[in-house]
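**Q** If you scroll down you'll find the structure; I have some questions about it.
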Amino acid sequence: MWDTLVVIVGFAVVVDPLLRRIRRLSQERRIARTVAALGTGGTVRIRCDARFRNAGGKRHRARLVVQAEGAFLSTVDGKVSNLELSTPAATVEIVNDLSMVLCNVDGRQLEVLLPADEDRLLKAIADVLAR
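Under my numbering, read the sequence shown as residues 1 to 131, first letter to last.
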């Protein structure tokens, strides 16, 4: 029994760092493909969180769709549906420290929280929204 436990723990010690490295490399490749697609004007879907500031609401899982026609946000639970973020009436502010895009939409502030520590992705989205 102890032999089996030692083998399992030893296997976990060796495999865990490899799996972490593979996950990190996969995420870096996915981010690079997303940034490249944003640069060429392709359609990109990014999983994120969203909430209206000062509304007492919680974060909602959302999907940010960025395409040539503009940027649209829709939440998974349907609270916000196809909200257009790149209209001339909407102002956009980028908060690099929090990986957040802050938009004024119809007089309400909407926080779109992107995956953390992805500066390239945040800058690419900011460039698209600024057009």
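We put the CB at the ideal spot given by N, CA and C, even for glycine. Quick caveat, the model's predicted, so the values are computed rather than measured.
Please specify which runs of the beta strand (DSSP E), each continuous and at least 3 residues long, are wholly inside the region 36-85, giving them in chain order.
**A** 44-52, 60-67 and 70-75
**Q** Is DSSP giving Glu149 helix, strand or coil here?
**A** For residue 149 there is no data in the structure shown, the boundaries of the chain being 1 and 131.
**Q** Helix, strand or coil for Leu114 per DSSP?
**A** The count along the sequence shown starts at 1 and reaches residue 114 at position 114. Leu114 falls in the coil class under three-state DSSP.
**Q** With respect to the alpha helix (DSSP H) encompassing Leu129, which residues constitute its N-terminal and C-terminal limits?
**A** By one-based count along the sequence shown, residue 129 stands at place 129. Start and end: Asp119 to Ala130.
**Q** Only counting the same chain, and skipping five residues up and downstream in sequence, which positions put a Cβ closer than 6 Å to that of Gln67?
**A** As a position in the sequence shown, residue 67 is number 67, starting the count at 1. Taken in chain order, the residues that qualify are Thr43.
**Q** Does the distance from the C-beta atom of Thr34 to that of Ile22 stay below 8 Å?
**A** Counted from its first residue, the sequence shown places residue 34 at position 34. Counted from its first residue, the sequence shown places residue 22 at position 22. No.
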